[in-house]
Each structure stands twice: as C-alpha cells, then as structure tokens.
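Chains F and U are the protein sequences, given in the same order.
Numbering that gives the first Met the number 0 numbers the first residue of the first sequence as 0 and each following residue consecutively.
Numbering that gives the first Met the number 0 numbers the first residue of the second sequence as 0 and each following residue consecutively.
Ideal Cβ positions, reconstructed from N, Cα and C, are used throughout, including at glycine.
Just so it is clear, the structure is predicted and the values come from calculations on it, not from any experiment.
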Amino acid sequence: MARDLAIDLGTANTLVYMKGRGIVLNEPSVIAVNRQTGEVLATGREAWQMIGRTPGYIVAVRPLRGGAITDFEITERMIRLLLQRVGVSRFTRPKVVICVPSAITEVERRAVTDAARRAGAADAQLIEQPMAAAIGADLPIDEPIGNMVIDIGGGTSESAVISLGGIVALEAVRVGSFDIDASIQAYVRREHGIAIGERTAEEVKVAIGSAAETEDESQAEVRGRDLMTGLPRTVVLTPEEVRVAIDDTLSSIIDSIKRCLAKAPPELAQDFLVRGMYLVGGGGLLRGLPQRIEKETNVPVRMSNMPLEAVVMGAGHCIEHYDALKTMFMGARR
Amino acid sequence: MTWVYVLIAVVLVVSVWLMRGRRVESGMTSYRKHIDALSSESRRGVREVNDRQRNGRRPNDTGK
Ligand SMILES: Nc1ncnc2c1ncn2[C@@H]1O[C@H](COP(=O)(O)OP(=O)(O)O)[C@@H](O)[C@H]1O
Ligand SMILES: [Mg+2]
Chain F
0 MARDLAIDLG
10 TANTLVYMKG
20 RGIVLNEPSV
30 IAVNRQTGEV
40 LATGREAWQM
50 IGRTPGYIVA
60 VRPLRGGAIT
70 DFEITERMIR
80 LLLQRVGVSR
90 FTRPKVVICV
100 PSAITEVERR
110 AVTDAARRAG
120 AADAQLIEQP
130 MAAAIGADLP
140 IDEPIGNMVI
150 DIGGGTSESA
160 VISLGGIVAL
170 EAVRVGSFDI
180 DASIQAYVRR
190 EHGIAIGERT
200 AEEVKVAIGS
210 AAETEDESQA
220 EVRGRDLMTG
230 LPRTVVLTPE
240 EVRVAIDDTL
250 SSIIDSIKRC
260 LAKAPPELAQ
270 DFLVRGMYLV
280 GGGGLLRGLP
290 QRIEKETNVP
300 VRMSNMPLEA
310 VVMGAGHCIE
320 HYDALKTMFM
330 GARR
Chain U
0 MTWVYVLIAV
10 VLVVSVWLMR
20 GRRVESGMTS
30 YRKHIDALSS
40 ESRRGVREVN
50 DRQRNGRRPN
60 DTGK
C-alpha cells in the first residue's frame with residue numbers, strides 16, 4: 000500500500016515526511032555524478048562528504064543551490080532517487096506534496112512535478128514554502144491575525160505574512176546562509192591570503208559566526224591553502240572579523256524582511272508588534288541573528304521550536320489533510 | 000419526437016442550476032474545511048505522528 004509523502008526540497012537539506020509515519024529522511028540536497036558516464040555515484044550525506052574533495056571526473060553539486068534549478072536533468076534524477084529510496088515505485092503510486100523555494104519559475108515547478116510523476120507519484124502538488132513553514136511552526140494562520148514567518152535557508156530567504164489560511168505578502172530573495180559561507184571564504188582570501196573550502200567556511204560560521212556581539216567570543220583556527228606559496232597554512236579568525244565579513248550579506252537578508260513588512264496591510268502590521276515574527280530555517284540559527292533583526296525592524300523575533308523541520312512538518316500536515324487543503328496547492332488557483 | 004428534446008433541455012437546465020447551487024455552497028464549505036484543517040487542534044496530529052516515529056523507529060529508516 001502506498002503511503003503519501005511530503006517533501007521539503009530545500010537548497011541545503013531535503014526532508015521527507017511519510018503519511019502516518021513522520022519524518023523518514025533528512026539529508027543534504029547533494030548529488031555526486033560521474034562527469035564522463037553521467038552516472039549518479041552518491042546522494043545525500045555521502046555526496047555531501049565529497050563536496051570540494053572529488054577527483055576531476057566526479058562532481059558533487061547542490062542542484063537547487065541558488066534557489067533555482069540550474070540543471071534540470073540532475074534535479075530530476077535527484078528527485079527520482081529520493082522517491083525510490085522511500086519506497087515509491089510505479090506500483091505504489093502515492094500522492095506527493097513538495098515544497099520548493101518560492102523564487103523558482105513556472106518552468107522549474109513543472110520540472111519538479113513532472114519528475115515526481117515520472118518517478119511513480121500518482122499526483123504531485125507544490126506548496127509555497129513559507130506557508131508550509133508557518134503551518135509547521137504552529138502559527139495561528141487560520142485566524143484573521145497577521146502571522147509573519149521568516150525562513151532563512153541555504154540559498155534563499157523568504158518572508159511571508161499569512162492570515163486566514165492564505166499568503167497576504169511574500170518576499171523571497173536568492174540570498175541565504177550559503178552566501179554567508181561565501182563571504183567568509185572571500186574575507187579569508189582577501190585579508191589573510193589563504194583559500195578555504197565551502198565546507199570549512201560553513202564550519203567557521205557555525206562555530207564562531209554571529210550577527211551581533213555575543214558573550215562567548217572565542218576564536219577559531221582555520222586551515223587552508225596559502226595563495227602565495229600554495230602550502231597549507233593555519234590562521235586564527237576572531238568573531239569580530241567574521242561579523243565584518245558577513246555584514247553585507249546579513250544586511251541584504253534583513254532588507255528583504257523589511258520589504259515584506261512594508262508590503263503588509265496596516266491592519267495586519269499592528270499584529271506583528273504584539274505577536275512578533277517567527278524565524279525558521281537553518282540560517283536563522285546564526286548566533287545573535289534574532290536580536291539583530293529585532294533591532295533593525297523594531298519587531299520582536301521568536302525562534303520556532305523546530306527550525307529545521309518546520310517546513311516538512313507543515314507539508315506533512317498538508318498530506319494528512321490533502322482534500323481539505325487542496326486549494327492551497329500552487330497551480331490550484333487560476 | 001419533440002418531447003425528447005424538451006426532456007433533454009429540462010434535464011440540462013436543471014443540472015446547470017444544481018451545479019451553480021453546489022458551486023456557491025462548495026465555495027463556503029471548502030473554505031471552512033480549509034480553515035478548519037489549519038487549526039491548531041488539527042495540526043497536533045502531525046506532531047504526534049512524528050513523535051511516535053521518533054520514539055520508535057530510527058530516522059532514515061523507511062519502515063520497510
Ligand atoms: N547553528 C547554525 N548556525 C548558523 N548556520 C547554520 C546553523 N545550522 C545550520 N546552518 C545553516 O543553515 C543552512 C541550512 O538551512 P536549511 O533550513 O536546511 O536550508 P534549506 O531549507 O534551504 O535546505 C545551511 O547553510 C547551514 O550552514
Ligand atoms: Mg527550507
């Protein structure tokens with residue numbers, strides 16, 4: 000018997016919720032391909048470990064990295080493998096609800112649903128990511144109240160105002176936590192003359208990254224390749240340096256939050272002052288970020304209790320109540 | 000033979016009328032259903048399902 004599925008196809012992480020079962024898969028959205036034969040060599044965590052460490056004939060990529068689908072074929076294969084791994088085949092034919100970044104185009108959406116159908120889904124529907132996030136974060140979106148949710152993922156940041164079961168205002172930018180990693184990489188290259196990898200930059204961000212001064216200001220040793228000599232070298236980074244490095248990226252994320260606030264109708268805007276905005280997504284875990292957003296917008300920020308799972312839990316709710324929530328699927332509207 | 004046409008016409012008119020009635024009603028009921036399905040009581044279910052799975056099976060196991 001087929002069990003219906005909800006998928007959070009994130010730029011950084013993919014999660015799958017199975018109807019009646021809960022979250023059955025949670026892994027990086029990475030696929031490793033043999034460049035010469037075109038074969039898929041690994042997906043998920045295994046492929047993630049290959050990033051930046053592959054011999055020339057292998058590429059390990061995040062197909063949704065920038066919140067857009069750059070390679071349709073690879074994305075399709077990733078979706079098919081994903082569905083196969085959770086037991087979908089032409090014989091089981093489950094219904095599938097998929098959350099994608101709201102920034103993706105009509106053509107990209109079609110590519111995602113087609114891939115799911117070709118992999119054996121009887122029906123594949125998309126829902127807007129901030130909507131799923133708000134459901135998963137347990138906001139009272141069924142009421143006539145302004146609910147604001149901010150989802151900072153790897154490649155995208157999306158803010159939305161939701162009231163009476165629908166999106167009132169939405170603002171999505173293709174800037175996210177990957178860009179914070181990239182600014183750390185660029186800073187270390189510029190100021191210390193060493194090249195570091197994407198994964199090392201992410202480790203620095205998680206270890207000592209912050210959006211505002213924190214109590215624990217411990218430093219981190221970073222290893223990379225000296226740009227002049229080409230030899231491995233270690234430098235010490237302070238949290239203050241990292242703050243300088245990532246400031247511009249954080250500002251563009253916060254600016255998009257402000258634009259979303261500005262789009263909200265006044266009746267709902269006043270609710271934010273009392274109820275605050277809810278932060279979800281891995282990017283929101285950066286130390287001091289809630290405080291920084293609060294300071295710049297004058298609106299209280301609350302951290303959702305399951306920031307990394309909120310979207311898939313919301314999508315899971317939609318698969319549990321498929322018929323009642325059909326109207327929410329993208330493309331259901333004309 | 001005309002009565003056949005009359006009958007078809009009547010059936011058509013009645014069904015169109017019924018469908019319109021249903022559509023008006025379905026707008027309200029489906030909206031109610033949609034809103035009810037988003038209420039926090041109804042959402043508790045998903046979390047319970049997930050908690051049960053978390054306490055029982057390990058993640059990444061598809062339960063097959
Ligand atoms: N503790 C942390 N501090 C800062 N960034 C974090 C932390 N944990 C995860 N992240 C970042 O969050 C991003 C992944 O968030 P996620 O919500 O899963 O993204 P997406 O929904 O786009 O797949 C990654 O870029 C990761 O580096
Ligand atoms: Mg996400």
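*So with Cβ pairs under 8 Å, would you call F:Ile343 a contact of chain U?*
Only positions 0 to 333 of chain F appear in this structure, which leaves residue 343 of chain F out of reach.
*Cβ of F:Arg90 versus every heavy atom of ligand 1: is any distance shorter than 7 Å?*
Counting from 1 along the first sequence, the entry for residue 90 of chain F is found at position 91. According to the sequence shown, residue 90 of chain F is Phe rather than Arg. Checking every heavy atom of ligand 1 against the Cβ of F:Phe90, none is found closer than 7 Å.
*Mind checking which residues open and close the alpha helix (DSSP H) that includes F:Ala56?*
Locating residue 56 of chain F in the first sequence gives position 57, counting from the first residue. Before going further, note that residue 56 of chain F is Tyr rather than Ala in the sequence given. Careful: F:Tyr56 lies outside any alpha helix (DSSP H) and carries neither H nor E.
*Any chance the CB of F:Val160 is under 7 Å from a heavy atom of ligand 2?*
Reading the first sequence from its first residue, position 161 is the one you call residue 160 of chain F. Result no, Cβ not under 7 Å from ligand 2.
*Say whether chain U places a C-beta atom closer than 8 Å to the C-beta of F:Met49.*
To locate residue 49 of chain F, count along the first sequence from 1; it is residue 50. No, F:Met49 does not count as interfacial toward chain U.
*Name the residue from F:Ala314, F:Gly152 and F:Thr155 whose alpha carbon lies nearest to the alpha carbon of F:Ile22.*
Counted from its first residue, the first sequence places residue 22 of chain F at position 23. That would be F:Ala314, whose Cα lies nearest to the Cα of F:Ile22.
*Which residues have their C-beta within less than 5 Å of a heavy atom of ligand 4, listed in chain order?*
Absent from the structure shown: ligand 4. Ligands present: ligand 1 and ligand 2.
*Helix or strand or just coil, what does DSSP make of F:Glu170?*
The residue labelled residue 170 of chain F in the question sits at position 171 within the first sequence. Looking at F:Glu170 - three-state DSSP - the assignment turns out to be strand.
*Measure the C-alpha to C-alpha separation of F:Ala244 and F:Ser182 and round it to an integer number of angstroms.*
Numbered from its first residue, the first sequence carries residue 244 of chain F at position 245. Numbered from its first residue, the first sequence carries residue 182 of chain F at position 183. Roughly 6 Å between the two C-alpha positions.
*Quick one: which chain U residues come within Cβ less than 9 Å of F:Met312?*
Counting from 1 along the first sequence, the entry for residue 312 of chain F is found at position 313. Simply Arg42, Val45, Arg46 and Asn49.
*Taking a cut of 7 Å between CB atoms, which residues from the segment 5–16 of chain U lie near chain F?*
The residues in question: there are none.
*Counting only runs of 3+ residues fully inside the segment 38–123 of chain F, write out the beta strand (DSSP E) ranges in chain order.*
39–42, 57–60 and 94–99
*Return no unless some Cβ of chain F is closer than 8 Å to the Cβ of U:Ser25.*
Position 26 of the second sequence holds residue 25 of chain U. By this cut-off, U:Ser25 is not an interface position.
_Within chain U, the residues that F:Asp137 reaches when beta carbons sit closer than 7 Å_ = As a position in the first sequence, residue 137 of chain F is number 138, starting the count at 1. Here the neighbours are Ser39 and Arg42.
*For F:Met17, write down the residues that DSSP places opposite it in a beta bridge.*
Your numbering for residue 17 of chain F matches position 18 in the first sequence. DSSP output for F:Met17 lists F:Leu4 and F:Gly21 as bridge partner(s).
*Can you list, in chain order, the residues of the segment 99–133 of chain F whose Cβ is nearer than 7 Å to any Cβ on chain U?*
Going along the segment 99–133 of chain F in chain order, one finds no residue with a Cβ nearer than 7 Å to chain U.
_Taking the straight line between their C-alpha atoms, what separation do you get for F:Ser209 and F:Val60?_
Reading the first sequence from its first residue, position 210 is the one you call residue 209 of chain F. Reading the first sequence from its first residue, position 61 is the one you call residue 60 of chain F. F:Ser209 and F:Val60: Cα-Cα distance of roughly 27 Å.
*Quick one: give me the first and last residue of the alpha helix (DSSP H) that F:Arg286 is part of.*
Locating residue 286 of chain F in the first sequence gives position 287, counting from the first residue. Unbroken run through F:Arg286: none, as it is neither H nor E.
*Just checking my contact of F:Leu4 with F:Pro93 at CB under 8 Å: how many whole Å lie between their CB atoms?*
Within the first sequence, the letter at position 5 stands for residue 4 of chain F. Within the first sequence, the letter at position 94 stands for residue 93 of chain F. With 8 Å as the limit, F:Leu4 and F:Pro93 qualify as a contact, their Cβ atoms being about 6 Å apart.
*Look at F:Lys204 and F:Ile166 and say whether their C-beta atoms are less than 8 Å apart.*
Looking up residue 204 of chain F in the first sequence gives position 205. Looking up residue 166 of chain F in the first sequence gives position 167. No. Outside cutoff.
_I'd like to know whether the C-beta of F:Leu324 is nearer than 8 Å to at least one C-beta of chain U._
Taking the first residue of the first sequence as position 1, residue 324 of chain F is located at position 325. So yes, F:Leu324 belongs to the interface.
*Going along the segment 151–178 of chain F in order, which residues come within less than 8 Å of chain U, judged by CB to CB distance?*
Leu163 and Gly164
*asked:* With a threshold of 8 Å between beta-carbons, can U:Arg53 be considered close to chain F, or not?
replied: The sequence position of residue 53 of chain U within the second sequence is 54, counting from 1. Closer than 8 Å to some Cβ of chain F, the Cβ of U:Arg53 qualifies, so yes.
*For F:Pro238, the three-state DSSP class (helix, strand or coil)*: Your numbering for residue 238 of chain F matches position 239 in the first sequence. Residue state for F:Pro238 is assigned as helix, using DSSP reduced to three classes.
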